[in-house]
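Down below is the structure, laid out as structure tokens.
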Amino acid sequence: MEKDHQIFGIRAIIEAIHSGSEIDKVFIQKDAQGDLMRELMKTIKQKSINFSYVPVEKLNRLTQSNHQGAVATIAPVKFYQLEELVDSVMENVEKPLFLILDQLSDARNFGAIIRTAECTGVHGIIVQKQGSAPVNGDTVKTSAGAVFNVPICKVEHIKDAIFYLQGSGIKTVAATEKTDSLIYDINLNEPAAIIMGSEDRGINPSVLKIVDEKAKLPMFGTISSLNVSVACGAFLYEAVRQRN
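With the first letter of the sequence shown counted as 1, position 29 gets the number 44 in my numbering; the numbers rise by one all the way through.
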């Protein structure tokens with residue numbers, strides 16, 4: 016984590032949140048107590064900021080300074096509002112392509128996916144505020160700088176984002192093994208949003224219930240799954256193939 020992209024100390028983090036800084040994630044020491052820590056947690060939850068509880072050893076690795084039990088990362092990019100981005104893209108692009116990442120947690124996978132998304136002309140990436148991979152130095156490096164070229168939206172709930180996309184005339188396609196349909200059978204030559212799940216659990220079952228289409232990749236080996244960034248690339252390039 017780059018020192019320029021982190022804030023340490025409870026009061027400093029509270030002030031940064033209130034000032035409107037793009038806080039990507041806050042790491043909180045397990046079992047931390049005190050009035051100021053309670054104020055920080057209240058502020059984090061009010062603003063729906065991504066956070067996780069970690070051992071003090073992790074905070075000590077992040078900074079040599081007196082962190083007081085809290086370290087925050089500042090996103091190196093500006094996050095977009097979903098409604099504004101979707102409406103703008105729909106007005107200017109004939110066949111928009113969006114990517115939704117449901118609880119993807121690994122920063123390097125996130126960066127690799129952003130890089131592929133940029134190469135395939137994705138118009139926006141949608142992630143959930145809570146539980147998603149941070150946009151940090153690893154993300155930037157793995158994306159080869161593509162993170163600065165693809166709009167990223169952080170939303171409260173993935174399902175609400177899907178409903179909004181559907182209401183805007185965008186077909187939602189979930190990448191899941193729980194279907195008989197292959198991605199090659201799905202029409203992606205129209206406004207579409209491809210949904211990829213987390214590395215370990217895939218797409219949330221409640222999300223699968225509301226999507227328009229489900230699709231999978233054919234598998235011929237003894238290993239039954241691909242790395243999520245590789246699978247995402249296969250899905251996105253099928254969209255490119257169909258559109259060209």
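Yeah, the Cβ is synthetic: ideal placement off N, Cα and C, and Gly gets one too.
Only a predicted model underlies this, so the values are computations on that prediction, with no experimental measurement involved.
Item, Value
"Close beta carbons around Leu119, own chain, < 8 angstroms, minus the five adjacent residues each side", "Phe125, Ile128, Val142, Ser147, Ala148, Met211, Gly212, Ser213, Glu214, Val243"
"Beta-ladder partner(s) of Cys134, from DSSP", "Per DSSP, none; premise fails for Cys134."
"For Asp39, the three-state DSSP class (helix, strand or coil)", "strand"
"Backbone secondary structure at Ile89 - three-state DSSP", "strand"
"Length-filtered (3 minimum) beta strand (DSSP E) runs lying within the region 50-131", "66-69, 85-89, 112-116"
"Secondary structure of Gln181, DSSP reduced to three states", "helix"
"7 angstroms CB neighbourhood of Met105 in its chain, flanking five on each side removed", "Pro111, Ser183"
"From Gln181, Gly217, Leu203, Ala31, residue whose alpha carbon lies closest to that of Leu241", "Gly217"
"Helix, strand or coil at Val142 [DSSP, three-state]", "strand"
"Residues bridged to Phe23 (per DSSP)", "Val86"
"Cβ contact (3+ pairs, closer than 8 angstroms) linking the region 31-45 and the region 70-90", "yes"
"Val267 versus Lys57, Ile38, Ile59, residue with shortest Cα-Cα distance", "The structure shown does not extend to residue 267, since the chain is modelled only from 16 through 259, so no value can be given for it."
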